Amino acid sequence: MKTTLEETLRGAIRTIPDYPKPGILFRDITTLLGDARAFRRAVDELVHPYAGTKVDKVAGIEARGFILGGAIAHQLSSGFIPIRKKGKLPHDTVRVAYSLEYGIDEMEMHRDAVKPGERVILVDDLIATGGTAEGAAKLLRQMGADIVAACFVIDLPDLGGRAKLEALDVPVRTLVAYEGH
Ligand code: AMP
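Using the numbering used here, the first residue of the sequence shown is number 13, and each one after it goes up by one.
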């Protein structure tokens, strides 16, 4: 029997309770990445609306966004931009602070990674509060990028990340939603 996309993804994503701390349900995509069919399906579905359109660059958020973003960039024949935790990139960077559940952190990208007007898709595995993706979107816009969309395999809608990005006029694409956090 043919499985729906949602069944395939839910079946391939592993949930680990109380990781990294009590009360968190960690949605682990390593099992999805290790499942050839599920990995391909997730990438195909994320890419689908943009196939045949001009996308200059895909920006992936460290670290799981690199794996999905690299595959998406290949499929769209786009370049790839790594958005990294501070101190990891060797050349001249732009930096932004973003909020985590407790406190703030900073992320960076190379100043010359994107040119003004380039069409960019932002990618990560999961959107929760949206703080991480919002920071990445700000960095890209600061350098003049035209953000076509932000794509995630997993949405945790109760945490409001999608709404936060949409309020910044960033279209959001997600494939499967989980209640709670
Ligand atoms: P946020 O900035 O709150 O949207 O958090 C998104 C980032 O934290 C992404 O890079 C996710 O990989 C990670 N993350 C947040 N919550 C979870 C969760 N429940 N399971 C797995 N990863 C998570």
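By construction, the Cβ of each residue, glycine as well, lies at the ideal position given by its N, Cα and C atoms.
It should be emphasised that the depicted structure is a prediction, and the values quoted were computed from it without experimental measurement.
On the three-state DSSP scale, how would you describe residue i?
i	result
E18	helix
V67	coil
K150	helix
A189	strand
G77	helix
A125	coil
V184	strand
E57	helix
Alpha carbon to alpha carbon, what distance is there between residue j and residue i?
i	j	result
H122	V108	12 Å
E191	R39	12 Å
G77	K97	12 Å
A148	E19	30 Å
T141	G173	4 Å
A54	I41	11 Å
A63	T186	16 Å
R131	K69	7 Å
D167	A189	5 Å
P29	H193	10 Å
A175	A145	12 Å
L112	E118	10 Å
H103	I93	13 Å
P34	R22	22 Å
V184	H60	13 Å
A179	A157	17 Å
L88	Y31	34 Å
Anyone know if the C-beta pair for residue i and residue j falls short of 7 Å?
i	j	result
A71	I95	yes
C163	L58	yes
V165	D137	yes
V182	M155	no
R26	T15	no
V195	S90	The structure shown does not extend to residue 195, since the chain is modelled only from 13 to 193, so the question has no answer here.
R48	A24	Correcting the residue type first, residue 48 is Ala in the shown sequence and not Arg. Cβ distance not < 7 Å, so A48 and A24 don't count as in contact.
So residue i and residue j are in contact, right, with Cβ under 8 Å, and what is the actual spacing, rounded?
i	j	result
T152	L134	The question names Thr, yet the displayed sequence has Leu at residue 152. Right, the Cβ-Cβ distance comes to about 7 Å (below 8 Å), so this counts as a contact.
L101	I79	Not really, about 18 Å apart at Cβ, beyond 8 Å.
Y110	G143	5 Å
- [ ] Taking only runs that begin and end inside the stretch 21 to 55, name each unbroken beta strand (DSSP E) of 3 or more residues, in chain order.
- [x] 26 to 29, 37 to 40
TODO: Tell me the start and end of each unbroken beta strand (DSSP E) in the stretch 129 to 178 that is at least 3 residues and wholly inside, in chain order.
DONE: 131 to 139, 158 to 167
Open item on the list: To test your reading of the DSSP string, which unbroken alpha helix (DSSP H) runs of 4 or more residues are found completely within the stretch 79 to 111?
Closed with: none
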